[in-house]
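Enquirer: I'd like to ask you about the structure that follows.
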Ligand SMILES: Nc1ncnc2c1ncn2[C@@H]1O[C@H](COP(=O)(O)OP(=O)(O)OP(=O)(O)O)[C@@H](O)[C@H]1O
Ligand SMILES: [Mg+2]
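Chains as they are written, first to last, in our numbering: chain B, 1 to 226; chain W, 1001 to 1401.
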């Protein structure tokens, strides 16, 4: 369970201060499927980064399974990033010189998993996301949708409890988007907490809870009854 | 993630930028190569200088008489005490003394058939041959009986043999003429002196010192030296022998002394440490410059790879692991440079040894020092860039354009 209380985020300093989040209160239970929506610049990515331990909030508290982590040490956040969350970025960041297997396996290097097991797990996941025939390809030899699926496989390789995706379908056509959303739904049914940021109603429709943010504040939070 | 994984990442990033890596390593390569080759030449020179200083025997020390004028009167004329075979036996009994060499010198005109030439003559005893390790190639060495019996026999060295005799001729038993007196050749020997000290014109000869004393009128023992059984204790053994001889002869206005090799060695060592200091500073400067080059390139590399660092952090790399990765990269870079430098130095010292009189040798210790020093440079100058990389915030690094 994640419990964010009165979280604020201010970028910059002094005259250049940009307040982005203004007191976010948010609780997400294990196994939820949440979509975060809102206009561009409203602070969705900023919030996602804080939820995913990539960034520190300026103030407020963040409780993860009962433990305070808002001001935890870097090394603890690094461990949480490595073991608890899988992050799918909008820009499909990859290691350009490593093939699909190595890219997917990369988090396992920092988890201290042996090379043989790293490769085996990466291959399994690439098959699961439908890239069994693209394992040895380099990122620049893959299409946008394929790269996004490699990124999802990488996010899953450490068997995280939380899957975070910031506009995972932003750069994809509707057909590919649908495939990826079906994959997320399946992962949620397998028990993972899934949180996605999206602009599109059709994408948000896959979620069971939709949170709307405007100007750094939560303006709407509703559960979808199915 | 272990060090081996970091090393592989480091190596692949070095290989991905081959030209840049080589240019970066150039400072280290030149620095290490220069230091090693200068040290190799320095050691070669030192060895050559030592060899010359202690030319014949490293464990032989000369004993000579020193006159000490009494305080009240200033005696202008003094005479050296006469040394005898008993004195030699006394010296031979001194602890640490392996052998005693007593010689005198003569000089003469040798003639045989139509050839003639000046000869340097050394008067020796039978003990001279084993003590100086004289190789008798034809005939025999001198016996004790030759000295006692005043036998007019000589040994000529291989140079004289070549000058006065044909290859096919047998010189043994031949009578030669020396200062118009006849002598019989009993042997031919290989001169033990280094080439630069030899009389290469006509050669040299050995004869019983009693015969020199009789024929030339000089003292039977003019030069005295002892050979120590342990080269390490040469100075001490020499001093002890000199003291024993002084006491034995009950000298009043004089004493026996030795030339102290330790003084020479001390001087030589001062010179060499000065040289080492100089080389050290040159090495330090060139490696400093090389190190700054490495730091510069590592900083560029960190900036270029900001996104990669961000991604590594996002997937769980800790600060320490990023720090380690970049440190290993700079250590690999400089150590590789060091290894290439050592390779160049090895080639260089082969060339120096080939084309100059100095034998330059690259010792394993220097290689070890070279590699560890270049690795150290990698650590020192890699620390700042690695630290910079490790402190990047993951999200800012990922956003870096
Ligand atoms: N490093 C930064 N320094 C200063 N301002 C920043 C920084 N990062 C983000 N911002 C500002 O914070 C605000 C929120 O940014 P954020 O990326 O969270 O928006 P978003 O809701 O994800 O928008 P989009 O839908 O376009 O991705 C924006 O106004 C942006 O300019
Ligand atoms: Mg965004």
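C-beta: ideal position from N, C-alpha, C; glycine also.
Residues of the stretch 79-90 of chain B with a CB closer than 8 Å to any CB of chain W: list them in chain order, please.
Expert: Taking 8 Å as the Cβ-Cβ cut-off against chain W, the residues of the stretch 79-90 of chain B that qualify are 79, 81, 82, 83, 87 and 89.
Enquirer: Which residues, in chain order, does the stretch 44-61 of chain B contribute to contact with chain W at a C-beta distance below 7 Å?
Expert: 49, 54 and 55
Enquirer: Considering only heavy atoms of ligand 2, does any lie closer than 6 Å to the CB of residue 45 (chain B)?
Expert: Yes, the Cβ of residue 45 (chain B) comes within 6 Å of a heavy atom of ligand 2.
Enquirer: For residue 1298 (chain W), count neighbouring Cβ atoms within 10 angstroms of its own Cβ and tell me buried if that reaches 16, exposed if not.
Expert: Burial of residue 1298 (chain W) is indicated by the presence of at least 16 other C-beta atoms within 10 angstroms of its C-beta.
Enquirer: Can you find a heavy atom of ligand 1 that lies under 6 Å from the Cβ of residue 11 (chain B)?
Expert: yes
Enquirer: Kindly confirm or deny that the stretch 1319-1329 of chain W and the stretch 1341-1361 of chain W touch, where touching means at least three C-beta pairs closer than 8 Å.
Expert: no
Enquirer: So for residue 110 (chain B), helix, strand or coil by DSSP?
Expert: Three-state result, residue 110 (chain B): helix.
Enquirer: Taking the Cβ atom as the reference point for each residue, do residue 172 (chain B) and residue 194 (chain B) lie within a distance shorter than 7 Å?
Expert: Cβ distance not < 7 Å, so residue 172 (chain B) and residue 194 (chain B) don't count as in contact.
Enquirer: So what does DSSP say about residue 1270 (chain W), is it helix, strand or coil?
Expert: helix
Enquirer: Is there a Cβ from chain A that is less than 7 Å from the Cβ of residue 200 (chain B)?
Expert: Absent from the structure is chain A; the protein chains it does hold are B and W.
Enquirer: For residue 205 (chain B), name the three-state secondary structure that DSSP assigns.
Expert: coil
Enquirer: Examine chain B for any beta-carbon lying closer than 7 Å to the beta-carbon of residue 1315 (chain W), and answer yes or no.
Expert: yes
Enquirer: If the criterion is Cβ atoms closer than 7 Å, does the pair residue 1141 (chain W) and residue 1129 (chain W) meet it?
Expert: Closer than 7 Å, so yes.
Enquirer: Let me see if you follow: with CB-CB separation under 7 Å, is residue 110 (chain B) close to chain W or not?
Expert: yes
Enquirer: Could you check whether the stretch 1205-1213 of chain W touches the stretch 1237-1256 of chain W, counting it as contact only if at least three pairs of C-beta atoms, one from each stretch, sit closer than 8 Å?
Expert: no
Enquirer: Give the straight-line distance between the Cα atoms of residue 213 (chain B) and residue 50 (chain B), rounded to the nearest whole angstrom.
Expert: When rounded, the distance between both Cα atoms is 15 Å.
Enquirer: State the DSSP-derived secondary structure class of residue 1078 (chain W), mapped to helix, strand or coil.
Expert: coil
Enquirer: Exposed or buried, what is residue 205 (chain B) when buried is set at 16 or more other beta-carbons lying within 10 Å of its beta-carbon?
Expert: Residue 205 (chain B) should be labelled exposed.
Enquirer: So which residues on chain W does residue 17 (chain B) lean against when the C-beta distance must stay under 7 Å?
Expert: By Cβ distance, chain W contributes nothing, its closest Cβ being about 16 Å from residue 17 (chain B), past 7 Å.
Enquirer: Give me the Cβ distance between residue 1038 (chain W) and residue 1377 (chain W), rounded to the nearest whole Å; I'm assuming they're in contact under 8 Å.
Expert: Incorrect: roughly 18 Å between the Cβ atoms, too far for contact.
Enquirer: Does residue 214 (chain B) come out as helix, strand or coil in the three-state DSSP assignment?
Expert: strand
Enquirer: Just reading off the alpha helix (DSSP H) that residue 1314 (chain W) is part of, what are its end residues?
Expert: 1306-1314
Enquirer: Going by C-alpha to C-alpha distance, which of W:1123, W:1005 and W:1042 sits closest to residue 1277 (chain W)?
Expert: W:1042
Enquirer: Is there a Cβ of chain B sitting closer than 7 Å to that of residue 1319 (chain W), yes or no?
Expert: Yes, residue 1319 (chain W) lies at the interface with chain B (some Cβ there is under 7 Å from its Cβ).
Enquirer: Against chain B, with Cβ distances strictly below 7 Å, would residue 1230 (chain W) count as a contact?
Expert: no
Enquirer: Tell me the residue span of the beta strand (DSSP E) that contains residue 9 (chain B).
Expert: 2-11
Enquirer: If you run the structure through DSSP and keep just helix, strand and coil, what is residue 23 (chain B)?
Expert: strand
Enquirer: Measure the CB-CB distance between residue 1371 (chain W) and residue 1345 (chain W) and report whether it falls below 7 Å.
Expert: no
Enquirer: DSSP beta-bridge partners for residue 33 (chain B)?
Expert: Its beta-bridge partners are B:194.
Enquirer: Just list the beta strand (DSSP E) runs in the stretch 49-135 of chain B, keeping only unbroken ones of 3 residues or longer that don't cross its boundaries, in chain order.
Expert: 59-64 and 85-88
Enquirer: Using a Cβ cut-off of 9 Å, which residues of the stretch 18-37 of chain B contact any Cβ in chain W, in chain order?
Expert: none
Enquirer: Does the beta carbon of residue 88 (chain B) fall short of 6 Å from some heavy atom of ligand 1?
Expert: Flag unset: Cβ of residue 88 (chain B) not near ligand 1.
Enquirer: Between which two residues does the beta strand (DSSP E) harbouring residue 1115 (chain W) extend?
Expert: 1115-1124
Enquirer: Please confirm whether any heavy atom of ligand 1 lies closer than 6 Å to the CB of residue 41 (chain B).
Expert: yes
Enquirer: Return the residue from the list B:1, B:176 and B:18 that minimises the CA-CA distance to residue 8 (chain B).
Expert: B:18
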